[in-house]
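Residue numbers (the numbering used here), protein chains in the order written: chain B, 762 to 961; chain L, 762 to 961.
To start, the structure itself, in structure tokens.
2 protein chains.
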Amino acid sequence: MGGAKRDQILERAVVLASVEGLEGLTIGRLAADLGMSKSGLFGHFGSKEDLQLAAIGRAAEIFEGRVIAPAATSEAGLDRARALTENWLDYLMNGFEGGCFFHAASLEFDGRPGKVKDEIVRLTGRWYVVLEDQLRRAITRGQLPSDTDATLLAFEMHALLGEANWAFRLFGRSEALTRARVLLNSKLARAQGAGERRSA
Amino acid sequence: MGGAKRDQILERAVVLASVEGLEGLTIGRLAADLGMSKSGLFGHFGSKEDLQLAAIGRAAEIFEGRVIAPAATSEAGLDRARALTENWLDYLMNGFEGGCFFHAASLEFDGRPGKVKDEIVRLTGRWYVVLEDQLRRAITRGQLPSDTDATLLAFEMHALLGEANWAFRLFGRSEALTRARVLLNSKLARAQGAGERRSA
DNA sequence: CCTACCGATCGGTAGG
DNA sequence: CCTACCGATCGGTAGG
Numbered sequence: 762m763g764g765a766k767r768d769q770i771l772e773r774a775v776v777l778a779s780v781e782g783l784e785g786l787t788i789g790r791l792a793a794d795l796g797m798s799k800s801g802l803f804g805h806f807g808s809k810e811d812l813q814l815a816a817i818g819r820a821a822e823i824f825e826g827r828v829i830a831p832a833a834t835s836e837a838g839l840d841r842a843r844a845l846t847e848n849w850l851d852y853l854m855n856g857f858e859g860g861c862f863f864h865a866a867s868l869e870f871d872g873r874p875g876k877v878k879d880e881i882v883r884l885t886g887r888w889y890v891v892l893e894d895q896l897r898r899a900i901t902r903g904q905l906p907s908d909t910d911a912t913l914l915a916f917e918m919h920a921l922l923g924e925a926n927w928a929f930r931l932f933g934r935s936e937a938l939t940r941a942r943v944l945l946n947s948k949l950a951r952a953q954g955a956g957e958r959r960s961a
Numbered sequence: 762m763g764g765a766k767r768d769q770i771l772e773r774a775v776v777l778a779s780v781e782g783l784e785g786l787t788i789g790r791l792a793a794d795l796g797m798s799k800s801g802l803f804g805h806f807g808s809k810e811d812l813q814l815a816a817i818g819r820a821a822e823i824f825e826g827r828v829i830a831p832a833a834t835s836e837a838g839l840d841r842a843r844a845l846t847e848n849w850l851d852y853l854m855n856g857f858e859g860g861c862f863f864h865a866a867s868l869e870f871d872g873r874p875g876k877v878k879d880e881i882v883r884l885t886g887r888w889y890v891v892l893e894d895q896l897r898r899a900i901t902r903g904q905l906p907s908d909t910d911a912t913l914l915a916f917e918m919h920a921l922l923g924e925a926n927w928a929f930r931l932f933g934r935s936e937a938l939t940r941a942r943v944l945l946n947s948k949l950a951r952a953q954g955a956g957e958r959r960s961a
């Protein structure tokens, strides 16, 4: 339930949070940034926690629009799994100023129980399942060997994406993205190759 | 340099920072926690930034003592690389309350230029090199195939450790540690197996 | 949406 | 190492 002004606030909030952290995002700073009063901004949300939850919701929409939705044009299974990781690496380069919103937020809030952490856990878990699902479909369709452990493969692939974000943000060199891309491709190609040899 | 009181403060600071973040670590909270006055505590450091830097230094000592030093008893090369990752996973389970200090701190400070970030970059980079060095030695000694890309392998292994920390902290299930262990072992065993076949 | 304000806490200082 | 304090900023409220 919205209003254009609220959306405008959230747009800025997501960027700020990705740079300064979700807790470091302050109402005063955000209001000043948007040229409005603290209480004027505050009226759109009931509390700081609500603002944080709304920012998370907006970040999830962006992630959905940049990573998940575009992959729907690729065929379900191996192709879509590839598209998901490619989209994710693109979104890393051209997404938020502060790198992956959810990666930073999850490490920030893992020690702070509450609604904010719960929401981060829920949304992050969902993304994990989306990726894993496509790997399972790839197995069902014979694009990956039938004895592939989809959970382990998703763990590995997610690990490479996380490492790319971490290294790119910390060391500022885009080599990390290239390395992740190379490893993801060789991993899927090797798994696929094994599948094809077996079914031949 | 030092004093027992200062060490005692830092011991607590490192734990608090691993849970609440290095910026969320406040002088007042830390002082209250230790039953002393803010200014009394502050006297041991010139500024909050100095406190943060000192906490990072202490965290590095702990990391050194728990992960790197014990691996020195393993033979240089593949065995020591294995020991390093095993020690790291142990330290994750039984280390700080808040998971890996450096993983959290690096994602917290990647968007905040300054001395604190520089120090995190320097120490994290050093750990990376320690791991990569042992992989290179393993190649030199013929324990890994001569065409192994040590940089890529270190990237992959570090990715798995990071993912284990992330998933364990966020979802609270220790399966993540098991998964990382399984993948690390199979990765090194496969690389080693290829090396042995080739040299046979 | 604003001004004006609340109590609490921040990093930091004066003075002892 | 303490008490006592500084100005700034925090999340949030009153009242319009």
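Every residue gets a Cβ at the ideal spot worked out from N, C-alpha and C, and that includes glycine.
Item to check | C-alpha distance - residue 852 (chain L) paired with residue 814 (chain B), whole-angstrom precision | outcome: Counting from 1 along the second sequence, the entry for residue 852 (chain L) is found at position 91. Counting from 1 along the first sequence, the entry for residue 814 (chain B) is found at position 53. Here the alpha carbons of residue 814 (chain B) and residue 852 (chain L) stand approximately 33 Å from one another.
Next on the checklist: Residues in the same chain with beta-carbon distance under 6 Å from residue 778 (chain L), minus the five sequence neighbours each way, listed in chain order, please.
Outcome noted: Position 17 of the second sequence, counting from 1, holds the residue named residue 778 (chain L). Close CB contacts of residue 778 (chain L) within its chain, under the 6 Å cut and outside five residues either way in sequence, are with 786 and 816 (chain order).
Checklist entry - In terms of residues, what are the limits of the alpha helix (DSSP H) holding residue 791 (chain B)? => result As a first step, residue 791 (chain B) is located in the first sequence; it is residue number 30 there, counting from the start. Unbroken alpha helix (DSSP H) run through residue 791 (chain B): 788-795.
Checklist entry - Which chain L residues are close to residue 924 (chain B), counting only those with a beta carbon under 7 Å from its beta carbon? => result Counting from one through the first sequence, the residue named residue 924 (chain B) turns up at place 163. Here the neighbours are 916, 919, 920 and 923.
Next on the checklist: If I follow the unbroken alpha helix (DSSP H) through residue 779 (chain L), where does it start and stop?
Outcome noted: Translated into positions along the second sequence, residue 779 (chain L) becomes position 18. Note, residue 779 (chain L): alpha helix (DSSP H), 765-781.
Checklist entry - Does residue 871 (chain B) get closer than 8 Å to chain L when you measure Cβ to Cβ? => result Looking up residue 871 (chain B) in the first sequence gives position 110. Yes, because at least one Cβ of chain L sits closer than 8 Å to the Cβ of residue 871 (chain B).
Checklist entry - Which of the three DSSP states, helix, strand or coil, is assigned to residue 857 (chain L)? => result Here residue 857 (chain L) refers to the residue found at position 96 when the second sequence is read from its first residue. DSSP, reduced to helix, strand and coil, places residue 857 (chain L) outside both helices and strands of the structure shown, so it counts as coil.
Item to check | Candidates B:774, B:780, B:812 and B:804: closest to residue 794 (chain B) by CA position | outcome: What you label residue 794 (chain B) is simply residue 33 of the first sequence in a count that begins at 1. Here the closest residue by C-alpha is B:774.
Item to check | Presumed contact (8 Å Cβ cut-off) between residue 948 (chain L) and residue 917 (chain L), rounded CB distance | outcome: As a working mapping, residue 948 (chain L) is identified with position 187 in the second sequence. As a working mapping, residue 917 (chain L) is identified with position 156 in the second sequence. Contact between residue 948 (chain L) and residue 917 (chain L) holds: CB atoms are separated by about 7 Å, below the 8 Å threshold.
Checklist entry - Using the C-alpha atoms, what's the distance from residue 890 (chain B) back to residue 908 (chain B)? => result In the first sequence, residue 908 (chain B) corresponds to position 147, counting from 1. In the first sequence, residue 890 (chain B) corresponds to position 129, counting from 1. Taking the CA atoms as reference points, residue 908 (chain B) sits about 19 Å from residue 890 (chain B).
Checklist entry - Taking just the CA atoms, how far does residue 903 (chain L) sit from residue 781 (chain L)? => result The sequence position of residue 781 (chain L) within the second sequence is 20, counting from 1. The sequence position of residue 903 (chain L) within the second sequence is 142, counting from 1. In a straight line, the C-alpha of residue 781 (chain L) is about 45 Å away from that of residue 903 (chain L).
Next on the checklist: Residues of chain L with CB closer than 8 Å to the CB of residue 862 (chain B), please, in chain order.
Outcome noted: Working through the first sequence from its first residue, we reach residue 862 (chain B) at position 101. Close to residue 862 (chain B), with beta-carbon spacing below 8 Å, lies no residue of chain L; the smallest spacing is near 11 Å.
Checklist entry - Roughly how many angstroms separate the alpha carbons of residue 768 (chain B) and residue 821 (chain B), rounded to a whole number? => result Within the first sequence, residue 768 (chain B) is the residue found at index 7, counting from 1. Within the first sequence, residue 821 (chain B) is the residue found at index 60, counting from 1. Residue 768 (chain B) and residue 821 (chain B) have their C-alpha atoms spaced approximately 14 Å apart.
Checklist entry - What's the call for residue 923 (chain B), buried or exposed, on a 16-neighbour Cβ count within 10 Å? => result Taking the first residue of the first sequence as position 1, residue 923 (chain B) is located at position 162. The residue in question, residue 923 (chain B), is buried, as its Cβ has 16 or more Cβ neighbours within 10 Å.
Next on the checklist: Taking the beta carbon of residue 869 (chain L) as the centre, do at least 16 other beta carbons fall within 10 Å, making it buried, or is it exposed?
Outcome noted: Taking the first residue of the second sequence as 1, we reach residue 869 (chain L) at position 108. Here residue 869 (chain L) is buried: its Cβ has 16 or more other Cβ atoms, across all protein chains shown, within 10 Å.
Item to check | Other residues of its chain near residue 940 (chain B): CB distance less than 6 Å, five sequence neighbours each side excluded | outcome: For the purposes of this step, residue 940 (chain B) is identified with residue 179 of the first sequence, where counting begins at 1. Closer than 6 Å at Cβ, skipping near neighbours: no residue.
Checklist entry - DSSP on residue 831 (chain L), reduced to helix/strand/coil? => result Translated into the one-based positions of the second sequence, residue 831 (chain L) becomes position 70. Looking at residue 831 (chain L) - three-state DSSP - the assignment turns out to be helix.
Checklist entry - Pairing CB atoms from the region 833-840 of chain L with CB atoms from the region 853-863 of chain L, are three or more of them under 8 Å? => result The region 833-840 of chain L, when compared against the region 853-863 of chain L, does not touch it at the 8 Å Cβ threshold.
Next on the checklist: Among B:946, B:798 and B:881, whose alpha-carbon lies nearest the alpha-carbon of residue 819 (chain B)?
Outcome noted: Translated into positions along the first sequence, residue 819 (chain B) becomes position 58. Looking at the Cα atoms, B:881 is the closest of the given residues.
Checklist entry - Residues in the region 926-937 of chain B with C-beta within 7 Å of chain L's C-beta atoms, listed in sequence order? => result Per Cβ criterion, the list reads 927, 930, 931 and 932.
Checklist entry - Nearest to residue 892 (chain L) by alpha carbon, out of L:906, L:915 and L:946? => result Indexing the second sequence from 1 puts residue 892 (chain L) at position 131. When only C-alpha atoms are compared, the closest one is L:915.
Checklist entry - Closer than 9 Å, Cβ to any Cβ of chain B: which residues of the region 767-788 of chain L, in chain order? => result For the region 767-788 of chain L, residues whose beta-carbon sits nearer than 9 Å to a beta-carbon of chain B comprise 779, 780, 781, 782, 784 and 785.
Item to check | Alpha-carbon spacing of residue 850 (chain L) relative to residue 871 (chain B), whole angstroms | outcome: Locating residue 850 (chain L) in the second sequence gives position 89, where the first residue counts as 1. Locating residue 871 (chain B) in the first sequence gives position 110, where the first residue counts as 1. The straight-line gap from Cα to Cα measures roughly 18 Å.
Item to check | Proximal residues of chain L, C-beta to C-beta of residue 940 (chain B) below 8 Å | outcome: Within the first sequence, residue 940 (chain B) is the residue found at index 179, counting from 1. Those within 8 Å of residue 940 (chain B) in chain L are 912, 913 and 916.
Checklist entry - Of all the CB atoms in chain B, is at least one closer than 8 Å to the CB of residue 905 (chain L)? => result Residue numbering aside, residue 905 (chain L) sits at position 144 when the second sequence is read from its first letter. Interface with chain B (8 Å Cβ-Cβ cutoff): residue 905 (chain L) is excluded.
Checklist entry - If we ignore side chains and look at the alpha-carbon of each, how far apart do residue 753 (chain L) and residue 771 (chain L) end up? => result Summary: the structure shown does not reach residue 753 (chain L), with chain L confined to residues 762 through 961, and so no result is reported for it.
Checklist entry - residue 800 (chain B) touches chain L at which residues, Cβ-Cβ below 9 Å? => result Taking the first sequence and counting its residues from 1, the one referred to as residue 800 (chain B) is at position 39. Per Cβ cutoff of 9 Å: no residues; residue 800 (chain B) is ~25 Å from chain L at best.
Checklist entry - Exposed or buried, what is residue 930 (chain B) when buried is set at 16 or more other beta-carbons lying within 10 Å of its beta-carbon? => result Numbered from 1 along the first sequence, position 169 holds the residue referred to as residue 930 (chain B). It counts as buried.
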